[in-house]
Structure formats: C-alpha cells, structure tokens
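Report on the following structure.
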Amino acid sequence: MAGITSPGVGSGIDVNGLVEKLVKAEGAPATTRLDTKEAKLQAELSAIGVYKNSLSDFKTAVSKLTDPETLRAMKASSSDEDTLAIAVSGKPHAGRFQLEVKQLASAQQLASHAFASDSEPVGAGIIKIQAGRYSAEDNSFSVNAEVPAEPIEISANQSSLQDIQSAINTAKIGVHASVIHDDEGYRLTLTSDRPGLKNGIRMLVEDVDGSNTDGHGLSLLAYDSTQP
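Take 27 as the starting number for the sequence shown in the working numbering and just add one per residue.
Structure representation (structure tokens):
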C-alpha cells in the first residue's frame, strides 16, 4: 500500500530551515544590487541638489552685474584710519591721492565779558564745563563722552574770577582757565586741552539765584552757542 512521506521526518533533518536559507541565498545578490543602485541614485540626487543651489547662487551674483551702479561702485581706504577717515560719495575717479596737512586743528578758546575786578564775588552756584561738537546745521551740541565733565561748586565767599580760575584748573577737566586784563576790564578765559571739532567748549551754570541764563551772578559765565 502506497504511503505519504515527509522528507526529514524521522531523519532529524531541518528541511524548512534549509529551504529558508536557500531562498535567502538566492535573493541576496538581487538585494545587494538593489541596495547599491539605491545608494547610487541617492548620491546622484544629492549632487543634483548641490548643483542647483550653486547655479542659483551664481545666477544671483551674475544678476548684480546687470546694474551699472554695481560696476561703478567705488571704495576708499586710508593708510592711517586713526588719523584720517575717508568715505566715498558721488562719482569720483579712481586713483591714489596724497594729502598734505597745511594747518592742524586748534583748541577752542572762550572769554567772558569784562568785569570791573578779578577779586570781587561774581556769584555762587555750580559750573559744568563740557567738551563736544557744535553743529551749525541743526544748532546742536553733541557731548564728547570721552571727556569728563565734573561739576565744580563755587561758594559765595570764593566766587571771584581768580577763585573760579583756580577751581577750574584744580578740577583738571580738560580745560585751562586764566584771568586776563584788557582795556575793558578783567575776563575769565578757557582753553581746551584737546584740539579738534569734537572738543568745543560749553559752560553750563546752576546759579543759586535760580536763573541760569539771566546775566546776573554766576550765570554771567554761562556759555552755549546753541542758546540765543
């Protein structure tokens, strides 16, 4: 009588495991080929992306050349930026230029109106001398932050021109004070220790009489060219 047999049954052979390994072995080369092809395609796509980005950057750079102003743009530089700052405006010609200094900037000087005496009291209060730049365009004063402007207190019993001169010089705030005598009387003069436009002088006053610009007491020494 014919019977049905299952290979490996009773023999101890793992037929199913052998079949599975044979199937994997047959499919491995195809899987490897597909993985290799996928990696190659990914690399090609990445290269195309880099190319497109580079082309876009190139087109942006080239597009600027269509603007005539780009080709005419000028840049200027100074061999000593600390001494001479330079900027380009308008449409200058290209070239190399030498500058010769004919006159150095001078320090600003101020002189008060004439007083009958240099030993009589002027008035008590506080004076503050500032360094900065006056601008005629907008009638303004820009304080030079590099120069200190410490308040100087003037007491009633030490408020003559001589006393004020001494107080200013003792404070060492970047100006030198003197008292001079001319045909009209005695004047307090101030000379900045620093030359240049950014070191102009402004004297602010806090007068004990409450008015800092009324032309009486210590306010006689106030000076600010931006004020009428």
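Cβ coordinates follow ideal geometry from the N, Cα and C atoms, glycine included.
{"query": "Could you tell me which whole beta strand (DSSP E) segments of length 3 or greater appear in the stretch 203-227?", "result": "211-218"}
{"query": "Could you check if Ser245 is buried or exposed, using at least 16 other CB atoms within 10 Å of its CB as the buried criterion?", "result": "buried"}
{"query": "Restricting to Cα atoms, I'd like to know which of Gln188, Leu71, Lys85 and Tyr77 is closest to Thr215.", "result": "Gln188"}
{"query": "DSSP has Ala137 in a bridge; who is on the other side?", "result": "Thr215"}
{"query": "When the Cβ atoms of the stretch 159-166 are set against those of the stretch 175-188, are three or more pairs found closer than 8 Å?", "result": "no"}
{"query": "Distance, Cα to Cα, Met27 vs Thr62?", "result": "Note that Met27 scores 45 on pLDDT, short of 50, meaning its location in the model is unreliable; the coordinates nonetheless yield the value given after this. If you take the alpha carbons of Met27 and Thr62, they lie about 55 Å apart."}
{"query": "Could you please give the first and the last residue of the uninterrupted alpha helix (DSSP H) stretch that includes Gln191?", "result": "Leu187 to Ala197"}
{"query": "Along the chain, where does the beta strand (DSSP E) containing Gly158 start, and where does it finish?", "result": "Gly151 to Ser161"}
{"query": "Run the CB neighbour count on Ile74, radius 10 Å, all protein chains shown included, and call it buried at 16 or more, exposed below.", "result": "exposed"}
{"query": "Taking the beta strand (DSSP E) that Glu172 falls in, what are its first and last residues?", "result": "Premise fails: Glu172 is in no beta strand (DSSP E) and is neither H nor E."}
{"query": "I'd like to confirm the pairing. Which residues does DSSP put opposite Ser166 in its beta bridges?", "result": "Ser161"}
{"query": "According to DSSP, is Val76 helix, strand or coil?", "result": "helix"}
{"query": "Spatial neighbours of Leu230 within its chain, please: CB distance less than 6 Å, with the 5 preceding and 5 following residues excluded, ordered by chain position.", "result": "Lys154"}
{"query": "Less than 7 Å between the beta carbons of Arg228 and Gln134, yes or no?", "result": "no"}
{"query": "Do Ala197 and Glu172 come within 7 Å of each other at the CB atom, strictly closer than that value?", "result": "no"}
{"query": "With DSSP as the reference, identify every bridge partner of Leu230, one or two as the case may be.", "result": "Lys154"}
{"query": "Need the endpoints of the beta strand (DSSP E) that Ile278 sits in, please.", "result": "Only positions 27 to 254 of the chain appear in this structure, which leaves residue 278 out of reach."}
{"query": "Can you tell which of Val148, Ala137 and Gly158 has the C-alpha that lies nearest to the C-alpha of His207?", "result": "Ala137"}
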